[in-house]
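Notes follow the structure.
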Amino acid sequence: MLFLARTMSIVVAVVVAVVGVLDGARASAQGASARKQTAGANKETRPRKAAGPKAAGKAVHSSKPIPLDVDAERARLLGPAGEGAVAAARALAERGDPRAREVLLDALATGLAPELAAIVLASIADWGNPAAFEVAAMYAKHRHVAVRAAAVRAIGAVDDLRAEAVVLAALADPAQPVRAAASAAVARQRLRVGTEPLLTLFQRGDEAAGQALAELGDPDLAKAVGELFGAVPNPHLAACLGAMLRGADFGPDTARLEIVRTLGRIGGDEATQELTMYVASVPERPARPSRQEAQAIIDAGRSGGK
Amino acid sequence: MKQVRPTRGLVVLALVAGCAGSNSFSIAAQDNRPERLRAALAQAVAPAPGSPRNRLGKHLIYAVAAVKGKTTVLAYDLDSATELWRVTSAVNSRLVAAREVVAFVGERALVGHDVASGVARWNHRVERGEITGIAADDQRVYYVVQDKRASRAAERWRLVALDARSGRTLWQAPAPGQIGTPAARGGLVFSPLLKQWLVILDGKTGKQLARLRGLDREISFVRDSPEDVYFGSSRGIVRLDLRAASGRSDQSTFAAVDVPQALNRAHYHWDAFDPIQTSYSAYDRNRLLWRAEAGDGPLTFIAKRVVVHAFRFFFGFDPSTGQLAWVYGHPRVDAIASCHLGKVIALASAAGEIGGIDVATGARRFQGRVDLAGGTLRGATCDAEGWAPASNGGEVDVAATLMAIVRDRDARFLDIKLYALDVLERMSDSAVTGHLLALLRGKKTARKVHDKIVEVLVGRADRAGLEPLVKELEVEHSFLTGEAPLAVGVLARAIAAMGDINTSQDVDPALKKRLLDALVIQLQSPQATPDQQAAIVRALSATGLADIVRPLRHFLLLYRADPEFARHGTVIAATIDALLHRGGIAERELVAFVAEDGRTRPQVADQARIALRARRESEPLAAPPGQSASTPD
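First to last, the protein sequences are chains Y and W. In terms of numbering that gives the first Met the number 0, the first sequence opens at residue 0 and continues consecutively. In terms of numbering that gives the first Met the number 0, the second sequence opens at residue 0 and continues consecutively.
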């Protein structure tokens, strides 16, 4: 009983500590961020305004709870690290009801072995629950890359203004998987402030940044990406622009036409493939100048440019 | 030195010239006779104070240069900052200045060139042997010649006096053993003999007037100055006054200067018995520059300064304390010659630059240049007593100059760089820390210098330099910008060395907050190594800053179940110790929890238990009133 009481007091104390730690992390990340609008929201959990259609896709646990002895799994999870603890973490994560989540969050807040932390953080990403933010943020600078990446994914899934600073800071992480998780989070949360770092990452060879840019795609961003012609490997550039081009809500056809022309300049199999995919994705009628131009470039390529 | 063979004409000349006879250096002479020394010194005519020796009354530097492949002798007028003359001539010794001529060993002869025009006035063919020393006063030029072929040992060494106007031999005195380069002043000539005696001769006749014997130290040099004559060895200097008749340094007017080990190549004066030092050499680049105050009292130094010339650098010391007062660094090239002229140190660089440095302050007082057409200066001699140009330099920034020395790429100066860092360690200049950090960042900093910088940064424990340390710690690893923090462990150690910053009134509260945040950033950094983490934890604990406990609690909980963390006992121990030392009951509870919880790696749990036990034994837990302290089961 004494130990249980102590554990509970530790959990409470940890949550308080985590809040303090996050203050520091946020302040640090804000230094690098052009936007500082989260500065005044230190301990405030404010729901972000509804993300666009691209932000959709959050996992939903609608199935019936799997029968599980949560207390027993908790005991295994909080025991020595090993297969039993891993199995317990997975079982509790799959269960996904409030009780199981509470157990997982408590365990995470008081410290888990890296392999367990990664499992639990992955399940938090599926919940997208703002309440999990603080605990997930504890792990955003963990020394293990897999844990860090899982933490950033979990944080990126939370609609919380506090998440922004952590996600933006993670874009500068030396480990590629963490940057990839952060890039995806920027796209998911449509953080415009993240486009500059994404462009830099894209230029430095981060493919995940290209995918994120494609998801964020708008005419201005397409132009900025197009200007990286020569600075980024052509296949990466073509893939990014092609994805933008096919985006349903990308922008007016004049902007698509610009992308088509840029892909025409890039040339090569990858660019042609992107144009072909675009032509295939758009109905012939009503006629779109961008589609016609894309078709013309494809045809010219087939005829050897004659 | 060139071996000079006798000619028939010279032999005849030698017979015509006066001979001082064999008594000048007689071993049988009586040593350390005060009455004889008193009489000899009374005979000396003191030179006019503050005046150069040359008849022009100008402050001159005579220099030897290699210009377009030819050896050139030139005279530079410091007063007008112009070259007075230059001639091409072989030079095989130092230049020595008399009133009418500047003399030196040329090609197979001693030559005298007019001080005003540089025209050769006389050429003195040496009878036999090799010249091993040369000196001059107003009227005479003296040289020491060693004749290795002489049949009698007593004739192998001779001191010869020439009339400086004509080059005519005035007298010569054979010696029973090696005689060193003499000094001449006021009509007397002072000649070291066999490193044991200093023989005082009448400059006109060569007659011995007195003889001193060093009873406890060798006599390896003798030096004249406008104030007095001094002699000594590498262990110190003795003024040639009546007390010198004791033969003992403790009963003489004696002084020794302590210089840092790194500068101990510097010497009081050129070794009179080393033939290499008869010519310009590397010995001219490592010198102690000193002038003693005139008078009968204790030997004290003009302007309370002794200056060490080491290659391109000049260090002005207060000899009474040994403290560095100023430092001057000559840009790019070595100073190949330097002279203490009373108020100013004159220097000449290999590139032909002529400089003047204030003896008291180190401020630059003169800048001139000799056009060498791409050639180099080999050596120089000053005849510029009393030269005192107006200052044309600003205040000396000792810290900045020392930093420039440390940054210098010349590998010869490693010892000097390390010494400069030693001095910087003791300086409270707030800019020093920033400079050291910049050096630490430099990729070309030599390993030993790098290590010394680390030692200095930690050793300074200077809170005035805290801000640049914090600024450096605020840098995070960034893939985007390529930035990375610098030597985090070193910075943390430097901060830990400052001790309790929390209660310090001289550290701004905002800076304290920045320090805490910066240390936490680095503690949490995934790139921090275990050693760095341990150093950061110790720094957090040492500073005693408010709120250090929260990040430490977080750190311990986050990694206690991590097998990798468990392998680094120093980090675990540092973290647990800091929590127990700086925390309260809640932190003891936390450590107890960590010790007991099943998730904790065994190594971490063991450390926690050990620390708790040690804590209990050293300081029994006292619960605050109204609160029961729980203890681990």
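Glycine residues also receive a C-beta, built at the ideal position from the N, C-alpha and C atoms.
A straight-line Cα-Cα distance of about 34 Å links W/Arg581 and W/Leu420. DSSP places W/Pro173 in no alpha helix (DSSP H) but in the uninterrupted beta strand (DSSP E) bounded by 168-174. For W/Leu479, a Cβ of chain Y is located within less than 7 Å of the residue's own Cβ.
Taken through DSSP and simplified to helix, strand or coil, W/Glu82 comes out as strand. Note: W/Pro191 is bridge-paired with W/Leu197 in the DSSP secondary-structure output. In the displayed model, W/Leu158 falls within a strand according to three-state DSSP. For a cut-off of 8 Å, the C-beta gap from W/Ile353 to W/Val369 is around 7 Å, short enough to register as a contact.
Runs of beta strand (DSSP E) with 3 or more residues, each lying fully within the region 349-411 of chain W, are found at 352-357, 363-368, 375-382, listed in chain order. From the listed residues Y/Arg73, Y/Gly81, Y/Leu77, Y/Gly78, the smallest Cα separation to Y/Arg94 is found for Y/Arg73. Close to chain Y, meaning a Cβ-Cβ distance shorter than 9 Å, are the following residues of the region 555-583 of chain W: Leu555, Leu556, Leu557, Tyr558, Arg559, Ala560, Asp561, Pro562, Glu563, Phe564.
Close partners of Y/Ala162 in chain W (Cβ separation under 7 Å) are lacking, with about 17 Å as the shortest Cβ gap.
Residue pairing by DSSP places W/Gly111 opposite W/Ala102, W/Trp121 in a beta bridge.
Within the region 324-357 of chain W, no residue has a Cβ lying closer than 8 Å to any Cβ of chain Y.
Beta-bridge pairing by DSSP links W/Ala183 to W/Val188. Looking only at W/Ser232, W/Val603, W/Thr299, the smallest Cα-Cα distance to W/Thr252 is reached by W/Thr299. Among the residues of the region 453-478 of chain W, those with a Cβ less than 7 Å away from any Cβ of chain Y are Glu475, His476, Ser477, Phe478, in the order of the chain. Between Y/Arg142 and W/Pro525, the gap from beta carbon to beta carbon is short of 7 Å. When CB distances to chain W are screened at a threshold of 9 Å, the residues of the region 76-105 of chain Y falling below it are Leu76, Leu77, Gly78, Pro79, Ala80, Ala84, in chain order. Contact between W/His339 and W/Leu262 is absent: CB atoms are separated by about 16 Å, not below the 8 Å threshold.
Contact between the region 408-420 of chain W and the region 111-129 of chain W is absent: fewer than three C-beta pairs spanning the two stretches fall below 8 Å. Shown here for Y/Leu220: same chain residues with a beta carbon closer than 8 Å to its own, the five before and five after excluded, namely Thr194, Leu212, Met243 in chain order. At a cut-off of 7 Å between beta carbons, Y/Thr199 contacts chain W. A residue is called buried when at least 16 other Cβ atoms come within 10 angstroms of its Cβ; W/Thr277 meets this threshold and is buried. For W/His266, the beta-bridge partners assigned by DSSP are W/Arg286. Chain W has no Cβ within less than 7 Å of the Cβ of Y/Thr194. Three or more pairs of CB atoms, one per stretch, sit closer than 8 Å, so the region 474-483 of chain W contacts the region 169-183 of chain Y. W/Leu423 and W/Arg559 have their C-alpha atoms roughly 41 Å apart. Nearest CB-CB separation between W/Gln523 and chain Y: below the 7 Å threshold. Pairing W/Gly246 with W/Asp409, the inter-Cα distance amounts to about 43 Å. Beta bridge pairing from DSSP links W/Val95 with W/Ala102. Contact annotation: W/Ser232 and W/Arg222 have beta-carbon atoms that are not nearer than 7 Å.
If you draw a 10 Å sphere on the C-beta of W/Asn53, you find 16 or more other C-beta atoms in it, and that means buried.
Residues of the same chain with a CB within less than 8 Å of the CB of W/Gln531, apart from the 5 flanking positions on each side, are Val487, Gly488, Ala491, Gln521 in chain order.
Residue pairing by DSSP places W/Phe272 opposite no residue, since no beta bridge is assigned to it.
Shown here, W/Ala149 sits in coil according to DSSP, grouped into three states, outside any helix or strand. Distances from the CA of W/Ala64 to each of W/Tyr75, W/Ala174, W/His58 were compared; the closest alpha carbon is that of W/Tyr75.
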